[in-house]
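In our numbering, the protein residues as written are 4 to 376. A virtual CB, placed ideally from N, CA and C, is assigned to each residue, including glycine. Keep in mind the model is a prediction, meaning the values are calculated, not measured. Below is one structure, written out as structure tokens; comments come after it.
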């Protein structure tokens, strides 16, 4: 019996020593894990977590050392001040590679702290200002507002044949940037923008704004904002007898929009989302199956993108044969990573060289792809 215990202790010690020889790589995640946008933050976090677990199940080696990945996740609450605090916390924990932040209003102020600390960030934040700051370590892993807002406007003008539209934005860096890009392209495409109204990302009553726009007989309202506001907006449009379409960007292309909006959300709601359709991507269906098996729910808008961003870091570490963020970043900047949700290659600013945009409406509460645009 004693020999058995000695053998077990020796095996445990050997395993501990082997693990101690592994190099720990911390992957940071910053996103809204509480509040109205928590469904998106947790979905994104799960995408990164799935990648980390897969990397640890088949460990990779860099500079002769086996890597063990750890996910360090912080709740930035979708708030700029909390986002800077979350960034500093990740930096203090020694994190050099971050997926997130999700919100442009968080990513823009937090990016300075990350840049000063030499941390790389791979983010889906869409405001063009983010990558115009001149920081080298930022990689936008999806379409920008210019593409999302602009292509929604082109689709509205060219395919829907709309002439008279209005805009509402929630005054966040994301919502404002997206709305401005839609408005600019709408005017260039010959549409009249009959009104531009403002709300907040905490509001749920849009009756007065919608009543004002109803008098302008607009054919569509473009909303720069998030699903927790867009869904009650759709409900209130229905209650007021407004037959105009509700248009938006990637943040309303989510199952949560259908859940919150109920029967007010259908083919009357259209949105633009960056990236390749998972169902049509080579490894998309397999990813969806893995994700559901692990987390007991379907992957939402950006789970695959966060998975890809984490895997992109790992591949770049291997190619650089280094964990130095500057060397890893140089590999990412110069190369291309083929992931589940698409291929990632970046220009000098950190924007994707090519990011397809898909237009969706809703059927049975689910986003349903109409066409690539």
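Just to check my reading of the structure: residue i and residue j have Cβ atoms closer than 8 Å, yes? What is that Cβ distance to the nearest angstrom?
i	j	result
residue 169	residue 216	5 Å
residue 293	residue 301	Incorrect: roughly 12 Å between the Cβ atoms, too far for contact.
residue 252	residue 151	4 Å
residue 328	residue 177	Incorrect: roughly 26 Å between the Cβ atoms, too far for contact.
residue 256	residue 370	5 Å
residue 245	residue 212	The pair is not a contact, with the Cβ atoms about 11 Å apart (cut-off 8 Å).
residue 270	residue 364	5 Å
residue 127	residue 308	6 Å
residue 63	residue 70	6 Å
residue 267	residue 241	4 Å
residue 134	residue 148	That pair is no contact at about 11 Å.
From this set, the options, which residue's C-alpha is nearest residue i's C-alpha?
i	options	result
residue 304	46, 26, 95	46
residue 203	81, 157, 27	81
residue 197	221, 235, 227, 294	221
residue 229	39, 78, 68, 28	39
residue 199	65, 219, 368	219
residue 205	325, 180, 131, 235	235
residue 95	260, 116, 246, 213	116
residue 89	35, 135, 119, 195	35
residue 352	43, 245, 137, 114	137
residue 289	364, 343, 139	343
residue 233	62, 338, 264	264
residue 55	314, 121, 193	314
residue 258	119, 319, 43, 147	43
residue 104	181, 122, 79, 26	79
residue 359	337, 283, 267	283
residue 316	341, 87, 240, 375	341
residue 166	195, 188, 147	195
residue 57	65, 227, 72, 68	72
residue 186	208, 159, 210	159
residue 113	85, 98, 139, 97	85
residue 376	67, 280, 26	280
May I ask which residues mark the beginning and end of the beta strand (DSSP E) holding residue i?
i	result
residue 364	360-366
residue 45	Counting along the chain, residue 45 falls outside any beta strand (DSSP E), though it belongs to the alpha helix (DSSP H) covering 41-60.
residue 168	167-172
residue 78	68-78
residue 205	Here residue 205 belongs to no beta strand (DSSP E), and DSSP marks it neither H nor E.
residue 275	272-277
Please list the terminal residues of the continuous alpha helix (DSSP H) segment that includes residue i.
i	result
residue 177	176-191
residue 225	No alpha helix (DSSP H) holds residue 225; the beta strand (DSSP E) holding it covers 223-227.
residue 242	230-242
residue 154	148-161
residue 332	328-337
residue 255	Counting along the chain, residue 255 falls outside any alpha helix (DSSP H), and DSSP gives it neither H nor E.
residue 114	107-119
residue 99	Counting along the chain, residue 99 falls outside any alpha helix (DSSP H), and DSSP gives it neither H nor E.
residue 26	First-last for residue 26: 26-34, but that is the beta strand (DSSP E), not the alpha helix (DSSP H).
residue 213	210-217
residue 90	83-95
residue 288	287-298
Identify every residue that forms a DSSP beta bridge with residue i.
i	result
residue 374	362
residue 349	355
residue 142	125
residue 316	Answer is none; residue 316 lacks a bridge partner.
residue 340	347
residue 135	For residue 135, which the question treats as bridged, DSSP gives no partner whatsoever.
residue 249	224, 272
residue 369	366
residue 195	167
residue 65	68
Is the closest heavy atom of the ligand PLP to the C-beta of residue i under 7 Å?
i	result
residue 366	Summarising the ligand content, the structure contains no ligands, and the ligand PLP is consequently not present.
For the 8 Å Cβ check, are there 3 or more pairs between the segment 247-265 and the segment 139-158? The segment 247-265, when compared against the segment 139-158, does touch it at the 8 Å Cβ threshold.
Pair every Cβ in the segment 136-150 with every Cβ in the segment 48-61, then say whether three or more of these pairs are closer than 8 Å. Contact between the segment 136-150 and the segment 48-61 is absent, because fewer than three Cβ pairs lie under 8 Å.
So, does the segment 274-289 touch the segment 24-31, judging by three or more C-beta pairs under 8 Å? When Cβ pairs closer than 8 Å are counted between the two stretches, the segment 274-289 is seen not to touch the segment 24-31, the count staying below three.
Are there three or more Cβ pairs, one per stretch, closer than 8 Å when the segment 314-323 is compared with the segment 331-349? Contact check between the segment 314-323 and the segment 331-349: three or more CB pairs, one atom from each, fall below 8 Å, which counts as touching.
Touching by the beta-carbon criterion (3+ pairs, under 8 Å), the segment 173-188 and the segment 103-111: Yes: the two stretches touch, three or more of their Cβ pairs being nearer than 8 Å.
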